[in-house]
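Residues 282 to 626, numbered by the working numbering, are exactly what the sequence shown covers, in order. Virtual Cβ for every residue (Gly too), placed ideally from N, Cα, C. Since this is a predicted model, take the numbers as computed values, not measurements. Below: one structure, written as structure tokens.
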Amino acid sequence: MSETAKEWIPSDGDTFTTNDGFIFNIFGYEHPHDRVFAFLKYIPERHKKLFHIDFLESTWTYKNKKLFRAERMYTAGNYQTFIETLRSNFPHYVYFCPFRGKELITAPLTSIKDVYVPRECLQRLLNLKNRDSLQEKTLELVDLFSKESSISLTDFGVHGSVALNMHKTSSDIDLVVYAARNFRKLEQAIERLAKAETLSYKFNNRLDASRKFKGKYLGRTFMYTAVRRLGEIDIKYGQFRYTPVNNVKFGCTVRDDGEAMFRPAIYMIESYSPEDAVSVLPKGKIPKQVVSMIGCYRNVARSGDKIKVSGMLERVEDLETGRCFHQVVVGTGTNEEERIWPFRG
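In structure tokens:
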């Protein structure tokens, strides 16, 4: 284990490299003491032939090593392929979680080589003397956002290819803002900047238009996401047991969006309305929240908005208090039809 990893408190969006040459992104905030939940983002050339998936034509280079990325990273089919390939060739990355009752992709802390925390990556970039044009534009954009939103620079971070110094001239700018309150402030600041035509939104589909997380600044695409501050992490690994019940489809109203910007995204809901016979539930099983493990469903709806949901109904048991409730999870890695869709009506 690297010295960096020893002092590290893993958070969603952190990136790390491993001794096998893989690059992973941390997923969520619940992790066993000796490993972290993550998804595999970049695969080194020497391991590419092991993964029977479609790859992007683009390649990346990290410390002189050529890397490849899945064409579709977050599909249930690809996730299962990753697990099968890792189990056969790198079994230390597959972990049976007793609290979820299934295998998940993880990385043992002993396998981690380098860690990239967005906040620290921004500080390194600020201290860099010979910056290229994309690095300069990244800092210019962060400075603009900080001033317009009155958010301290210390509450911003950089991730993606710029953070790992593996960017190209065509790369996007990927930013992080820490804390829910700061995310909402930044959201409002970007809306003002868009109205002033200092920048523009970039929407490829309806979800993009709902999230408003992507835009263009001086011809460069940027994206921003939210990461919890340490004080906003109120869950620990092993506190809850999650038991799948059955797939459900329903409409509902978002009651509280206070944790909808994070990953996992949590939407507190009300007015559950089943869309098929299987989804008709007794009162005790009606879900109190929808939890998205898929990043593209972050912040797609606000309090009062209506959404349609397809996902797995789970029984959640708090092992410390014995309290039980039900939730619906989108992104279990087992079904391609799981989604959250905002709608009017």
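Is the separation between the beta-carbon of residue i and that of residue j shorter than 8 Å?
i: S481; j: A475; result: yes
i: Y459; j: V508; result: yes
i: T298; j: I304; result: yes
i: L445; j: T296; result: yes
i: I575; j: Y343; result: no
i: F336; j: E352; result: yes
i: Y310; j: I516; result: yes
i: P325; j: G358; result: no
i: Y578; j: A546; result: yes
i: F521; j: F380; result: yes
i: L348; j: T340; result: yes
i: V590; j: V572; result: no
i: E551; j: F531; result: no
i: L406; j: F437; result: no
i: I454; j: F377; result: no
i: S568; j: L600; result: Checking the displayed sequence, the identity of residue 568 turns out to be Pro instead of Ser. Contact flag unset, no.
i: K418; j: R501; result: yes
i: K466; j: S430; result: yes
i: V375; j: I364; result: yes
i: Y360; j: G592; result: no
i: I588; j: P563; result: no
With respect to the beta strand (DSSP E) encompassing residue i, which residues constitute its N-terminal and C-terminal limits?
i: T502; result: R501 to V508
i: A319; result: R316 to P325
i: M354; result: It is not in any beta strand (DSSP E) - M354 carries neither H nor E in the DSSP assignment.
i: L390; result: Element bounds for L390: n/a, residue is neither H nor E.
i: W289; result: It is not in any beta strand (DSSP E) - W289 carries neither H nor E in the DSSP assignment.
i: T497; result: At residue 497 the sequence reads Lys, which differs from the Thr that was named. It spans K495 to Y498 - the beta strand (DSSP E) in which K497 sits, taken as one unbroken run.
i: F437; result: F437 to H440
i: N306; result: I304 to I307
i: R620; result: R620 to F624
Classify residue i as helix, strand or coil using the three-state DSSP reduction.
i: E284; result: Confidence is the limiting factor: at E284 the pLDDT is only 49, short of 50, which leaves the residue's position unreliable, though a coordinate-based value still follows. E284: helix per DSSP, three-state reduction.
i: L331; result: helix
i: K566; result: helix
i: Y343; result: strand
i: H373; result: helix
i: V559; result: helix
i: D249; result: No answer is possible for residue 249: the residues shown for the chain start at 282 and end at 626.
i: T298; result: strand
i: V610; result: strand
i: L337; result: coil
i: L243; result: With the chain running from 282 to 626 in the structure shown, residue 243 is simply not present.
i: Y310; result: coil
i: E617; result: coil
i: R579; result: coil
Output the boundary residues of the alpha helix (DSSP H) element that contains residue i.
i: L467; result: A461 to K476
i: Q404; result: P399 to N408
i: N359; result: A357 to N370
i: V590; result: Note, V590: premise wrong, no alpha helix (DSSP H); beta strand (DSSP E) at K587 to D599.
i: T419; result: S414 to S430
i: A490; result: R487 to R492
CB of residue i to nearest heavy atom of the ligand COA: below 7 Å?
i: W622; result: The ligand COA is absent from the structure shown, which contains no ligands of any kind.
Using a Cβ-Cβ distance under 8 Å, would residue i count as near chain C?
i: G302; result: Protein chain content of the structure displayed is limited to a single chain, and chain C is not contained in it.
### Query
Do three or more CB pairs link the segment 517-528 to the segment 486-500 at distances below 8 Å?
no
| message | Counting beta carbon pairs with one atom in the segment 442-462 and one in the segment 500-507, are three or more of them shorter than 8 Å? | response | yes
- prompt: With a cut-off of 8 Å, do at least 3 Cβ pairs link the segment 398-405 to the segment 427-446?
  reply: yes
Fill in: Inside the segment 509-542 only - beta strand (DSSP E) runs reaching at least 3 residues
521-540
Original post:
Are at least three pairs of beta-carbons, each pair with one atom in the segment 580-587 and one in the segment 534-546, less than 8 Å apart?
Top reply: yes
Open item on the list: Pairs of beta-carbons, one from the segment 312-320 and one from the segment 380-388, closer than 8 Å: are there three or more?
Closed with: yes
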